[in-house]
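I have placed the structure first, in the form of structure tokens, so that the comments after it can refer back to it.
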Amino acid sequence: MGDFNATLRDHERQGGSTSTNRRGDNAFRECFSECRLLDIGFQGTPFTWKRGAVCERLDRCLASYDWRLAFPETNLIHLSPLKSDHCPILLEFDCRRHVRRDRRPFRFQAAWLTHAGLKDVVRAQWAQGMDWNSRIAHLTQSLQDWNRNVFGNIFYEKRRLLRRLNGIARKLTHEVNPFLEDLQCRLWKDYETILTREELLWFQKSRCKWIKYGDKNTKLFHGTTIARRRRNHVTMLQNEDGVWVTDKGELEHMVTRYYKELFTESCECAPFSLSGNFPLVDEQSCQSLGDPIDDGEILRAVRRMDGYKAPGSDGLQAIFYQTQWDVVGASICSLIHGFESNPTTISCVNDTLITLIPKVENVEMLKHMRPISLCNVSYKILSKILATRLRNVMGKLVGPNQCSFVPNRQMRQGDPISPYIFVLCMERLFHLIEIAVNHQLWKPIRISRGGPKIAHLAFADDLLLFAEASVDQVEIIQTCLDLFCSSSGQKVSQDKTRIHFSKNVSWRVREEISNKFGFLRTDNLGKYLGVPIHHRRVNRVLFKGVVEKVNQRLSSWKAKTLSFAGRVTLTQSVLSALPSYLMQSVYLPRQVCDELDKHYRRFLWDDKENKHRLHAVSWEVISKPRLEGGLNIRSTRHMNSLFMMKNCWEFITQPDKLWVKVLNAKYKCGTARIPRVTAKKSASNVWRGMCSVWSMVSQNIIWRIGDGNHVRFWLDHWVPNIPCLADRATQPIPLVEKYKVVADYITDQGDWRMHDINHFLPMEVCAIIEGLVPPSIGEDDDAIAWIDSPTGEFNMRSAYSMLRGNGDNHTHQVYRDIARWQAPERLRMFLWRVAQDSLVTNSFRLYRGLTECAICPLCHAGLETAMHILRDCHLVTRVWNVLLQGHLIPEFFRYASACDWILANLSYGCHSEPNWGILFAVAVDAFWYWRNKVVFGEIEGDISQLVFQIKGRTNEIIRVGFGGRPRGISHAAIQQRTIRWYPPPRDSCKLNCDGAVSYGIASCGGVARDHNGNFIMAFSCKLGNCSVVQAELWAIFYGIKLLRERSWSGAICVETDSAVAVKLLKEGCIRTHDSYSLVNKIVHIVGDDHEVSCSHIFREANQVADLLAKHGRSLQNRIVIFSDPPSWIHFALLADLSAVAFFRGF
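Residues 1 to 1146 (full-length UniProt numbering) make up the sequence shown, in order.
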């Protein structure tokens, strides 16, 4: 504590040169990070030293993490300066000693959910026959009594259990006692439960949304809670006269008076001068807004809520309703239906708590705080339902210049319905502006000649207004604002509003306009929505704040309190939240990207500037996807290019967006469906970024054929895997053919003109074309799609894979299993490190030149490799023999590779227990933890107690919902299912369809049978080259078509073993999907016939269709129709007719 003569953050200096004393600042910051210190913050003026125009915060109090936990209520105050140029600083202890406990509201504790008796308490105390508020009051009082008398104090219980476990451990070191061993096992289970409750308690208080509980991050949650409390605790504020108020009563009075004045209407609002102007909404959308609310809609709204969001005045978070729905669900539904029938009754749940959230790091006055209303969940359910309905029509009601809370424009934020109402209110201002522009009163700007006129841009209540710099425009703008404010009750913020002029506006005009408006003038607009507004060339200095913010989020004290899994999760959270938001619209300099990556690497391995730690896995491996053996922490350069590719994709596919129109006009990109993008010398930052990746985007564009009138057959990319058919031609293409469109190669019957195509292309290319759906008149227009996505939409994963090169197809299967395994992240990360051979064993250190001896420090009998310390060390082997209990012990010890060993244990190759994978992972993690404790002298080398710890932790992990086998891994113990074919109902036929793909050739087949199982017809078809799903859809199309040609008048029950095909037919697909045309053909052939149904079956009940589909590969003609069953399907038909059942997987 004292004068450090340096600053920690750039914003702690005001005035003077930014490079002054930079070397001293850097040294201080490195020391701060290396020592893992925390700045405990302050109250009062932001600077502690002033000389002339230069102000800095040089005096501060730094503390270690443990000291901060020991003294959580300390507070630093900047006092008024006396004769010195430094402010005195005062460190107060126990600054919250005057908090009134009786004013603390009830809060539902998530840790209660871990107690088996909670459900019984809720069921018993959820009294019937009371009104809602009485019922809530009765329940909360009962929960408080139950917490005090039954659940108990978590911290006291933890200390009690530790004392008993330590006593038993000491006793067992001197004698063998089966009773104490059994008691120890039970106590370890209780202790793991208490640890889970403690972690959940601090997780709930910390409001950490980037990490889940369950990985023993209690220390981080505790520290984050202390830091959050300090930020939210205000002991002094400046009043309107600039005087610091410290008395608690005066502070409460000042805050209450300030917000009463702020939210009290000064006069009645005048009627708005306009009516209408909103676009008309279709009748179906209007009806959906007013439809009655059903119970399913209520339940979906509850489930979509964040369970741990701050509660309202009743203290019940959404997690309470989500977990106790079977008890309280009926009452909630009844309450919502009551609001629906009598809206005035909503007042019973509409009480809110108003909390003040700091908008800046250190609050000086009330305008630095944002009031937030905390609504009851019972109210938010109705609000969320209405917001969900309103969201579907917002895009139709809100203009393109406003992008907040509108689907497909920006991320939704805030309260469910209030933002939508506010946005619709702001839209009335923009109606005024549009009328003024249309009547040529308001003179908007153009970014380029021929570009769209821009008069305003908006995001919620943040506005950018554009107009000609003239005094006449001041009156027009002021009139529009005054009319809107008088009608809405809104006010223009004088403190926040600034005027910016272009360079060619004279000084006299600037002064005149500024004086008339009464707003301050600025030459730098700073940031808008967190993104710097560029007034000059983009360089690394402009984004220094981003790097500093990332470094602040990845604090060294967090690295100390987090496990490796926690550091990975926090790194991914920071990467996806801070720079990713910026990179959507800014092409960052390479130096900034590299510096951000350096911070990620340092935090991940707990590295320091002057004391480097070992990076056990290379950054190249870490940046790979998890299925390829990495951690999916993406390179910042690649991420920035990825967002530029996404911008390019929107530039192609969404030409009606305002920013697309602006760039299209400015850079003369033409009117073609695929714009002409070229680099310019004086281009904007975002355009340079888009140009840098344009070639990669254009190479991954493919046309989805509709009517075929806009795609050139020989020159455009419309055939999968063939960018240009002309390049594959076996002979020169005549000029008269070269520029024909796809529709020119279709016969009058709607089939491909293969006799014309075969003349120019090789057989394998013709096979691909035959597998595509021919265009037809009346189809939709041809559409542009992303080549590496079945849906045709831009896919971030495939684009990132393309940026970093081809994926690793030789990755060991263990990484895929670890990525899909349902277990706590800490265990998954540890197994990943074992598989990567990155544990810092003595053998590893010897290889890196960090030691001269690789002998195991525990048994002193072999080289300490990962496999030795986790399995082969005779001390560890004793524990494995106890845990395995004689099951497949030779199999367990036979694997030489760590990857094979982990894979066998996750896939039950070494044990038949359903939860063996969890027990195995807990054990290897415990062995490594125990080894480190022994090596560093923190515990003795007795491993006998480890068995109880492993079993206790395993039981707790299973109890909270983990366990079982990894997805996609078969297990012999799974209960076998029998499957058979069933005939259809009377007077209907069943059409079984199947598709097959082998050696690049696709085929399909199907069989139709009546309600007695009698054969109607069958077919086999050779398709050419297409996907399996498309082959399945072709089978359905041909099957229905052939039955229609046979004049079948009864119902048709279609069965296929492709769940994807069934989903596409039932739910439809977007225009750019690679199966859209085929799905459309099936829909057209079915028409309005409601007697055609489609369902999924397992392949064991689809064997006849499977034989017919495989037969199609050997055909010479495209399709063969069987009026009588061929001999090679007789046995399969007989098995179905005889109701023969097959095991799943037969």
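Glycine residues also receive a C-beta, built at the ideal position from the N, C-alpha and C atoms.
It should be emphasised that the depicted structure is a prediction, and the values quoted were computed from it without experimental measurement.
Going by DSSP in three states, residue i sits in which element: helix, strand or coil?
i: K680; result: coil
i: N232; result: helix
i: I477; result: helix
i: M411; result: Bear in mind that a pLDDT of 37 at M411, under 50, signals an unreliable position, so the number given afterwards is only what the model happens to contain. Correct three-state label for M411: coil.
i: S555; result: coil
i: R104; result: coil
i: T264; result: coil
i: W930; result: helix
i: R967; result: Residue placement at R967 is poorly supported in this model, since its pLDDT is 45, which falls under 50; the coordinates still yield a value, given next. Three-state result, R967: coil.
i: G995; result: strand
i: Q976; result: Per-residue confidence for Q976 stands at a pLDDT of 49, beneath the threshold of 50, marking its modelled position as unreliable; no derived number is given.
i: S776; result: coil
i: L143; result: helix
i: F32; result: helix
i: E364; result: coil
i: T352; result: strand
i: R68; result: helix
i: P46; result: coil
Between which two residues does the alpha helix (DSSP H) containing residue i stretch?
i: G952; result: L946 to R959
i: R64; result: For the record, residue 64 in the displayed sequence is Ser; it is not Arg. Element bounds for S64: not the alpha helix (DSSP H) but the beta strand (DSSP E), L62 to S64.
i: E825; result: E825 to A835
i: Q371; result: The sequence shown places Pro at residue 371, rather than the Gln named in the question. From DSSP, P371 is part of no alpha helix (DSSP H) but of the beta strand (DSSP E) over M369 to C375.
Can you check which of these residues, the options, is closest to residue i by C-alpha distance?
i: C993; options: R1046, R980 and A1061; result: A1061
i: F430; options: R828, D462, I674 and L161; result: D462
i: C989; options: I476, S998 and S1049; result: S1049
i: I1135; options: K598, N1102 and L906; result: According to the sequence shown, residue 1135 is Ala rather than Ile. It is N1102.
i: I448; options: E297, W659, P655 and I1070; result: Looking at the sequence provided, one finds Ser at residue 448 rather than Ile. Cα-wise, what sits closest to S448 is W659.
i: L62; options: I89, G312 and G290; result: I89
i: Q141; options: A455, D314, K260 and N239; result: D314
i: V234; options: E240, L366, F263 and S331; result: L366
i: I918; options: N277, L906 and Y929; result: L906
i: C309; options: C375, L251 and L382; result: Reading off the sequence, residue 309 comes out as Lys, not Cys. Residue C375 is the option with its Cα nearest to K309.
i: I817; options: A835, R804 and M802; result: The residue you asked about is not Ile; residue 817 is Asp in the sequence shown. Looking at the Cα atoms, A835 is the closest of the given residues.
i: H1090; options: I1052, D1106, I336 and L1064; result: I1052
i: D241; options: M254, K516, F844 and S580; result: M254
At the level of alpha carbons, what is the spacing between residue i and residue j?
i: L846; j: A616; result: 13 Å
i: R965; j: A819; result: Bear in mind that the predicted position of R965 carries a pLDDT of just 48, short of 50, making it unreliable; the figure below should be weighed with that in mind. Approximately 12 Å between the Cα atoms of the pair.
i: E30; j: R36; result: 10 Å
i: G16; j: G52; result: 9 Å
i: P1125; j: I787; result: 41 Å
i: C87; j: A6; result: 15 Å
i: F28; j: A111; result: 41 Å
i: G518; j: G451; result: 31 Å
i: residue 1224; j: D306; result: The structure shown does not extend to residue 1224, since the chain is modelled only from 1 through 1146, so no value can be given for it.
i: Q490; j: F459; result: 16 Å
i: S1082; j: V742; result: The identity of residue 1082 in the sequence shown is Ile, whereas the question assumes Ser. Approximately 21 Å, taken between the alpha carbons.
i: Q284; j: K380; result: 26 Å
i: residue 1157; j: Y999; result: Residue 1157 lies beyond the residue range present for the chain, which begins at 1 and ends at 1146; the question has no answer from this structure.
i: S524; j: F466; result: In the sequence under discussion, the amino acid at residue 524 is Asn, which differs from the Ser named in the question. So the two alpha carbons sit approximately 15 Å from each other.
i: E864; j: T841; result: 6 Å
i: N133; j: W916; result: 48 Å
Span of the beta strand (DSSP E) holding residue i?
i: H1096; result: V1092 to H1096
i: N75; result: N75 to H78
i: R51; result: W49 to R51
If we define contact as Cβ-Cβ less than 7 Å, is residue i a contact residue for chain B?
i: I939; result: Of the chains in the structure shown, none is chain B; there is only one protein chain.
### Message
For the structure I just gave you, are there three or more beta carbon pairs, one from the stretch 647-664 and one from the stretch 673-692, closer than 8 Å?
### Response
yes
### Query
Does the count of Cβ pairs from the stretch 755-770 and the stretch 729-739 closer than 8 Å reach three?
yes
### Query
Between the stretch 821-835 and the stretch 871-891, do three or more beta carbon pairs fall short of 8 Å?
no
### Query
Is the stretch 943-962 touching the stretch 180-198, taking contact as three or more C-beta pairs under 8 Å?
yes
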